[in-house]
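Take a look at the structure set out below.
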Amino acid sequence: MTAFAKLTRPALRSLKAGASISEHGITFTRLPNGDGRWSVNVMINRVRHHRVVGNESEGFTRTQAEEVVAGLKAAKRERALGIRRARAVSFKQAGELYLSHLEATGGKDVDKKRERLTLHLYPHLGGVQLQALTVTDLKRYATVRAKEGASPGTINRELAVVSHLLSLAANPEELKLLPGLPYRVPRVKEPESKPVYLRPTEAAALLKAAANDSNEHVFAFCMIGLHTGMRLSAVLRIRLDELDFDRRVVWVDRDKAGERQQPMTGELAAFLRQYVGKLDGPWLFPSKRSESGHATNMHIAFNRVVAAAKLSRIITPHKLRHTMATNAAHAGVDVATLQAMGGWKSRQMVERYTHAGSMREAMDKLESAYNAKPKRVSRRRTVTPKLQRRSA
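For the sequence shown, my numbering gives the first residue as 1, with consecutive numbering after it.
Laid out in structure tokens, this is it:
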């Protein structure tokens, strides 16, 4: 800490109008109206820096003047060491740069990220300077969104966008907005939930209702969902040239888990072989109203089919993915194979299905043990050589 011998409180009080005191590059001047003005005048790296800090009546003291000098010296050290400084951008400006960067580099789920930023994050955080964003801001955001009725899972998906944005902003090869590493974005604790899946009778009812629906594609959509567990967006983006019926695979080019081969059951392959014969164009689910040329949503038709099959309203297209995984686990498919089948990134996501399957198998064995008939013990006397000798 710099020691001051001249710029002391008694000396400042006794200073006459028009006079000034300077020390360590800081100057205090007594103005004609009795107010005091703080300014700095220092030479740093052969460059003269002179600026007015503020007046005494505005609450400025020697402390603020010292901070200005310290900031100038810190900037000199950063330039000497090649350290980048944060760009002065708001969260909304950073979000627009983030989306443009994702589009230019082939980022995933850009439309979803844009929706979360535009509808929810910008209204609450858009005006905050990115370099001034704090954990408290994000916790406050999570609290407000919860009061608006958003579920913990929804809030965490939105905070995941913030986390990804900050990681790219701190990467010198990406957005180049923030120096150093970003802090950890806090998430909201989500309640434990069991995977909802369709029983065989319910899956049959769903397919029967889909076959009778007015939408010509909803039956194929349900078949693919039940037999592969592919995500909604990946199913609707299937191209005809990505179907390999001989190998019984779908070549998935873009998915949450990246490029992969999605296996098909024999029943699904046989159905799709006939189904594609009715199509004219590159897409498995074509749409004339969509700019991309393929359908981007199946919720309306799917909900109609769910109602016709008299199933619970909580059955969504994603529940078909749970159905495939649960049935495969109950059939004895191991974790590694099931992870490859469904394109899950982490083993942990798959183990909840295989764990449920192994628990079901264990309970079946326990039930068999309780219901097993005891072995009958023969009471017939066994004749041994010893007994034979006695009888002789």
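Built from N, CA and C at the ideal position, the CB exists for glycine as well.
- Here residue 112 is exposed, its C-beta having fewer than 16 other C-beta atoms within 10 Å.
- Listed in chain order, the non-local C-beta contacts of residue 311 below 8 Å within the same chain comprise 198, 202, 205, 206, local neighbours out to five positions each way being set aside.
- Residue 225 counts as buried, since at least 16 other C-beta atoms from the protein chains shown sit within 10 angstroms of its C-beta.
- DSSP places residue 96 in the uninterrupted alpha helix (DSSP H) bounded by 91 to 105.
- In the structure shown, residue 60 falls within a coil segment according to DSSP collapsed to helix, strand and coil.
- Assignment of residue 368 by DSSP, reduced to helix, strand and coil, places it in the helix class.
- Counting along the chain, no beta strand (DSSP E) covers residue 131, and no H or E run does either.
- Distance from residue 100 to residue 128 at the Cβ level is roughly 20 Å; contact not present, criterion being Cβ atoms closer than 8 Å.
- The segment 139 to 187 is shown to contain whole alpha helix (DSSP H) runs of 4 or more residues at 152 to 170, in chain order.
- The secondary-structure analysis by DSSP pairs residue 41 across a beta bridge with 50.
- When beta bridges are read from the DSSP output, residue 28 appears opposite 21, 38.
- Distance from the CA atom of residue 125 to the CA atom of residue 141, rounded to whole angstroms, is 8 Å.
- For residue 232, the three-state secondary structure derived from DSSP is helix.
- For a cut-off of 8 Å, the C-beta gap from residue 328 to residue 349 is around 14 Å, too long to register as a contact.
- When the beta-carbon positions are compared, residue 301 and residue 215 come within less than 9 Å of each other.
- Under the DSSP definition of a beta bridge, residue 283 partners with 239.
- Secondary structure note for residue 263: its beta strand (DSSP E) is the uninterrupted segment 260 to 263.
- Bounds of any alpha helix (DSSP H) do not take in residue 252; it lies within the beta strand (DSSP E) bounded by 249 to 252.
- Residue burial is scored here from C-beta neighbours: residue 266 has fewer than 16 other C-beta atoms within 10 angstroms and is therefore classed as exposed.
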